[in-house]
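Notes follow the structure.
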Amino acid sequence: MRPSLNVADAALSGGTPAIALQVTTDLLGREPNSVEALLRHGAALHALGRTTEAQASYTRAISLDPTSVGAALGLGRLQIASNPVEAERLFLQALNRDPRNPAALNNLGIARDLQGRHRDAQSAYAQAITEAPGVSAAQVNMGLSLALSGDPRRAVEMLRSVASQAAAPRPARHNLAAAMAMSGDTAGAESIFRSDLSEEDARRVLDALRMLGEAPVATAQQTASAQSHGS
1 MRPSLNVADA ALSGGTPAIA LQVTTDLLGR EPNSVEALLR HGAALHALGR
51 TTEAQASYTR AISLDPTSVG AALGLGRLQI ASNPVEAERL FLQALNRDPR
101 NPAALNNLGI ARDLQGRHRD AQSAYAQAIT EAPGVSAAQV NMGLSLALSG
151 DPRRAVEMLR SVASQAAAPR PARHNLAAAM AMSGDTAGAE SIFRSDLSEE
201 DARRVLDALR MLGEAPVATA QQTASAQSHG S
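Per full-length UniProt numbering, the sequence shown runs over residues 1 to 231.
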């Protein structure tokens, strides 16, 4: 792998997509048909919220290499919030080439959950967890899916194991709180939200949970789908 691609990967993993964008833009100026550079270019643009440009990068990558798993994944992530049916098709396309890809499996689960197909989603998450047991994203999404499908107590059990880890990200704690609220533990959910959010934001989330139980889950899963290309 070219050293510049390693730099781009490190920048994406480190939360500095602007650096990855600069590196890949320079590389593409010299090698405009580099699929690997286009994939990282698309990931950087997506992370920066420049979704139209990200789509163009991924589309060019897949036109150069129709078998590209990364391009199908990237395009699927761009579609997942607005068109989960098309996103599912793209993730399945990626899995046809790489059936054990944990990122594709996890995102496939998200797309299915957003269509209300929770059992199918849980099957995809279970496969993702088998392939990458140390990655928490699929475990968190499995917990959310369980809560949505009417098993919030099991969801709390799974999410608590993730949220209790020392380096647990804030979304894991918030997803645990959502499942707790769905299981009837509103006091526990309120405690978590108020420890991380302002009073106003905590109240807004709690009100949303009471009124629109599925809304926080969909939002959390859309956020998870937008993680870097290596997730």
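For glycine and all other residues, C-beta sits at the position ideal for the given N, C-alpha and C.
query	result
DSSP state of Ser13 mapped onto helix, strand, coil	helix
Pair within 8 Å by beta-carbon distance, Leu28 and Ser4	no
Range of the contiguous alpha helix (DSSP H) that encloses Ala103	102-114
From Thr67, Leu108, Asn175, residue whose alpha carbon lies closest to that of Ser161	Asn175
Leu199 classed as buried or exposed, judged by whether at least 16 other C-beta atoms fall within 10 angstroms	Going by the sequence as given, residue 199 is Glu instead of Leu. Classification for Glu199: exposed.
Cβ-based neighbour list, Val23, same chain, cut-off 6 Å, excluding 5 preceding and 5 following	Ser4, Val7, Ala8
Close beta carbons around Gln139, own chain, < 7 Å, minus the five adjacent residues each side	Ile129, Met158, Val162
Pairwise C-alpha distance: Ala104 and Leu92	8 Å
Beta-carbon gap between Ala43 and Leu12 smaller than 8 Å	yes
C-beta atoms of Arg100 and Glu131 nearer than 8 Å	yes
Rounded distance between the beta-carbons of Arg77 and His46, thought under 8 Å	7 Å
Segments of 4+ residues assigned as alpha helix (DSSP H) that fall wholly inside the segment 136-185	136-148, 152-163, 170-182
Terminal residues of the alpha helix (DSSP H) in which Ser57 lies	51-64
Spatial distance of Leu39 from Thr51 (CA atoms)	13 Å
C-alpha distance - Gly74 paired with Gly134, whole-angstrom precision	22 Å
C-alpha gap between Ile192 and Pro66, whole angstroms	45 Å
Ser63 to Ala37 span [Cα, whole Å]	14 Å
Nearest residue (CA-CA) to Ala56, options Val69, His41, Glu31	His41
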